[in-house]
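Asks: Protein chains in written order, with our numbering: chain A, 6 to 155; chain B, 4 to 91.
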């Protein structure tokens, strides 16, 4: 079925439309000719063949024409969905750039504060070390807390 | 005639077709993919308060950076979800 769809897709839409309408027209002509043809001498002999052929062509034409409309409606939906996806992907990239920039700025600020804090520690180190001696147990507790292990 | 009507009605019934359009999974900024480092520990045997304060403040800084990263992840998820839902 996919091959037929593909083959039909390479035929221009306008031509397909005309072909389908043509089949419907021929089918209708066949059906009406089947009804009225029996009143025409000589021609009436072919009515029994003409009528079923007309019905088959009419049904086929309507089916193809319906499929054509459905196909066009789906193509429009696909095009619309694709456009939305393209716009969403662009917006997604844009959002990523914004988040990335904000993240970098915030981290930069934290690092700058860290530098200031470290400078203050260096400046006050002598005073802190002179007044306080840290017990080994305190170091062990801090390290245990930092490691998050029992 | 009734058979024609039934056949035509069947022909005009809607066809179910799935739309093969999908959105690629959005990529997260590379910086956010890196996991937060472990907290630093104080060298054993040190008695200097300045060394302790240095490590503790570095850990604070590390926490701040990690918090920013988690907040960025939350912002990224909420934004991308909103964008994804907008195309439904």
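From the three backbone atoms N, C-alpha and C, an ideal C-beta is built for every residue, glycine too. All values reported here derive from a predicted model rather than from experimental measurement.
Does the stretch 30-38 of chain B come into contact with the stretch 118-138 of chain A, if we say contact requires no fewer than three beta-carbon pairs (one atom in each stretch) closer than 8 Å?
Replies: Cβ pair count under 8 Å is below three, so no.
Asks: To the nearest angstrom, report how far apart residue 17 (chain B) and residue 90 (chain B) are at their CA atoms.
Replies: On the second chain, residue 17 (chain B) is found 14 positions in, with the first residue counted as 1. On the second chain, residue 90 (chain B) is found 87 positions in, with the first residue counted as 1. At residue 17 (chain B), the pLDDT of 46 sits below 50, so the modelled position is not reliable and the matter cannot be decided from this model.
Asks: Just checking: is the beta-carbon of residue 32 (chain B) within a distance shorter than 8 Å of some beta-carbon in chain A?
Replies: As a first step, residue 32 (chain B) is located in the second chain; it is residue number 29 there, counting from the start. Judged by the 8 Å Cβ criterion, residue 32 (chain B) is in contact with chain A.
Asks: Along chain B, in chain order, which residues have C-beta atoms closer than 7 Å to that of residue 155 (chain A)?
Replies: Within the first chain, numbered from 1, the residue matching residue 155 (chain A) stands at position 150. The contacting residues do not exist; residue 155 (chain A) stays about 15 Å from chain B at best.
Asks: I'd like to check one pair, residue 42 (chain A) with residue 49 (chain A): are the Cβ atoms closer than 8 Å?
Replies: Within the first chain, the letter at position 44 stands for residue 49 (chain A). Within the first chain, the letter at position 37 stands for residue 42 (chain A). Closer than 8 Å, so yes.
Asks: In the DSSP output, which residue or residues are listed as bridge partners for residue 51 (chain B)?
Replies: Position 48 of the second chain, counted from the start, is the residue given in the question as residue 51 (chain B). According to DSSP, residue 51 (chain B) bridges with A:138.
Asks: Near residue 55 (chain A), what residues of its chain come up, given a Cβ to Cβ distance below 8 Å and the 5 sequence neighbours on each side ignored?
Replies: Here residue 55 (chain A) refers to the residue found at position 50 of the first chain. Excluding residues within five positions, the ones whose Cβ falls inside 8 Å are 35, 38, 39, 42.
Asks: Check this for me: beta carbons of residue 105 (chain A) and residue 64 (chain B), under 8 Å apart or not?
Replies: Along the first chain, one-based indexing puts residue 105 (chain A) at 100. Along the second chain, one-based indexing puts residue 64 (chain B) at 61. Not in contact: residue 105 (chain A) and residue 64 (chain B) (Cβ atoms no closer than 8 Å).
Asks: Drop a sphere of 10 angstroms on the beta-carbon of residue 95 (chain B), count the other beta-carbons inside from all chains shown, and report buried for 16 or more, exposed for fewer.
Replies: With chain B covering only 4 through 91, there is no way to say anything about residue 95 (chain B).
Asks: If residue 1 (chain B) sits next to residue 147 (chain A), beta carbons under 8 Å apart, how far is it from one beta carbon to the other, in whole angstroms?
Replies: Residue coverage of chain B in this structure runs from 4 to 91, which leaves residue 1 (chain B) outside it and unanswerable.
Asks: Name the chain A residues that come within less than 9 Å of residue 2 (chain B), Cβ to Cβ?
Replies: It is not possible to answer for residue 2 (chain B), since the shown part of chain B is limited to 4 through 91.
Asks: Can you pull out the residues from the stretch 22-43 of chain A whose beta carbon lies closer than 8 Å to at least one beta carbon of chain B?
Replies: Here the close residues are 36.
Asks: Quick one: give me the first and last residue of the alpha helix (DSSP H) that residue 41 (chain B) is part of.
Replies: As a position in the second chain, residue 41 (chain B) is number 38, starting the count at 1. Element bounds for residue 41 (chain B): n/a, residue is neither H nor E.
Asks: At the level of alpha carbons, what is the spacing between residue 60 (chain B) and residue 152 (chain A)?
Replies: For the purposes of this step, residue 60 (chain B) is taken as the residue at position 57 of the second chain. For the purposes of this step, residue 152 (chain A) is taken as the residue at position 147 of the first chain. Roughly 16 Å separates the two Cα atoms.
Asks: Determine the closest residue to residue 51 (chain B) out of A:149, A:78, A:92, A:144, with distance taken between C-alpha atoms.
Replies: To locate residue 51 (chain B), count along the second chain from 1; it is residue 48. Of the listed residues, the one whose Cα sits closest to residue 51 (chain B) is A:144.
Asks: Measuring alpha carbon to alpha carbon, tell me which of A:18, A:17, A:64 ends up nearest residue 30 (chain A).
Replies: Position 25 of the first chain, counted from the start, is the residue given in the question as residue 30 (chain A). Checked all of A:18, A:17, A:64; the closest Cα to residue 30 (chain A) is A:64.
Asks: Do residue 139 (chain A) and residue 57 (chain B) have their beta-carbon atoms positioned less than 8 Å apart in this structure?
Replies: For the purposes of this step, residue 57 (chain B) is taken as the residue at position 54 of the second chain. For the purposes of this step, residue 139 (chain A) is taken as the residue at position 134 of the first chain. No, these two residues do not count as a Cβ contact at 8 Å.
Asks: Can you find the residues in the same chain that come closer than 6 Å, C-beta to C-beta, to residue 102 (chain A), ignoring five residues on each side of it along the sequence?
Replies: Residue numbering aside, residue 102 (chain A) sits at position 97 when the first chain is read from its first letter. Excluding positions up to five away in sequence, the list is empty.
Asks: Is residue 84 (chain B) helix, strand or coil by DSSP?
Replies: Locating residue 84 (chain B) in the second chain gives position 81, counting from the first residue. Residue 84 (chain B) falls in the helix class under three-state DSSP.
Asks: Would residue 37 (chain B) count as contacting chain A if we go by Cβ distances under 8 Å?
Replies: Along the second chain, one-based indexing puts residue 37 (chain B) at 34. With 8 Å as the cut-off, residue 37 (chain B) does not count as an interface residue toward chain A.
Asks: Going by other Cβ atoms of all chains shown within 10 Å of its Cβ, with 16 needed for buried, is residue 69 (chain A) buried or exposed?
Replies: Working through the first chain from its first residue, we reach residue 69 (chain A) at position 64. Buried, by the Cβ-count rule.
Asks: Just the chain A side, please: which residues come within less than 7 Å of residue 77 (chain B) by C-beta, in chain order?
Replies: The residue given as residue 77 (chain B) occupies position 74 in the second chain. Simply none; closest approach about 10 Å.
Asks: Determine the contact status of residue 53 (chain B) and residue 130 (chain A), defining contact as a CB-CB distance below 8 Å.
Replies: Taking the second chain and counting its residues from 1, one reaches residue 53 (chain B) at position 50. Taking the first chain and counting its residues from 1, one reaches residue 130 (chain A) at position 125. Going by C-beta atoms, residue 53 (chain B) is nearer than 8 Å to residue 130 (chain A).
Asks: Under 8 Å between beta-carbons, which chain A residues line up against residue 43 (chain B)? List them in chain order, please.
Replies: If you number the second chain from 1, residue 43 (chain B) lands on position 40. The answer, in chain order, is 151.
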